[in-house]
Amino acid sequence: MKAEDVDDLAWIKSMMKQELDLRPPSLAQFGKNSIIIRSDSGKPTAHMTVSNRWQGYEINSLFVDPAHRGEGLSHALLSKLKQNRLFCYTRDSRLQSALAKAGYSRAVFPGSIATLNLILTRSTMFAWMFLTLDFKRIFHQIRHLSKYKLYMKINKVTD
Ligand SMILES: CC(C)(COP(=O)(O)OP(=O)(O)OC[C@H]1O[C@@H](n2cnc3c(N)ncnc32)[C@H](O)[C@@H]1OP(=O)(O)O)[C@@H](O)C(=O)NCCC(=O)NCCS
7 MKAEDVDDLA
17 WIKSMMKQEL
27 DLRPPSLAQF
37 GKNSIIIRSD
47 SGKPTAHMTV
57 SNRWQGYEIN
67 SLFVDPAHRG
77 EGLSHALLSK
87 LKQNRLFCYT
97 RDSRLQSALA
107 KAGYSRAVFP
117 GSIATLNLIL
127 TRSTMFAWMF
137 LTLDFKRIFH
147 QIRHLSKYKL
157 YMKINKVTD
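Under the numbering used here, residues 7 to 165 are what the sequence shown spells out, in order.
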């Protein structure tokens, strides 16, 4: 891993540690499905990852560095996604607004195959949080479970 990738991963983990709506920092990834936006000086300012859910891609770990919130970076992140079938669960009104502006609509069901994937991956994630004693995050996410809203976008495939 390159030195800048190590720095990026450390920054991602520090953001995830602060934001209890996100997955635990110990599961942070920085790979080909991750997007980072940087300031003019090269410092990372915004991040998201998309995960293949077998029936489309889930946007997760989307955050903006607190020093750069309110600058429109959530719009900038979403504009970089080109996948055909995308969805996102969030309870953050700023992100909900950005998703709606990017053409996502409220939905209740991401599809049976995507749901199967989500059941498996979320159960594993909760088991992991339990094993790593991340109870604060578990209670936070369970307490707010009913507030997470699903947004979906199905892009037209062009030949
Ligand atoms: C949610 C988050 C990604 C938004 O990013 P951001 O770059 O600050 O948001 P933007 O500047 O692009 O603004 C998005 C919208 O929220 C509005 N907004 C920005 N700051 C706001 C505030 N303090 N209060 C209310 N609305 C606000 C903006 O006006 C904008 O509205 P628009 O869609 O009409 O333009 C960022 O606040 C964050 O990282 N939160 C913590 C992590 C998190 O909760 N992630 C989502 C979990 S999946």
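Idealized CB from N, CA, C, for every residue including glycine.
| Taking the alpha-carbon positions, what's the Pro116 to Phe132 distance? | 20 Å
| Which residues mark the beginning and the end of the beta strand (DSSP E) in which Glu64 is found? | 63-70
| Since Leu28 contacts Ser67 with CB under 8 Å, what's their CB separation in whole angstroms? | Rounded, the Cβ-Cβ distance is 6 Å, consistent with contact.
| task | Provide the residue(s) that pair with Arg91 in DSSP beta bridges, ordered along the chain. | result | Ile160
| So what's Ser111 in DSSP terms, helix, strand or just coil? | strand
| task | Could you tell me if the beta carbon of Ala34 falls within a distance shorter than 8 Å of some heavy atom in ligand 1? | result | no
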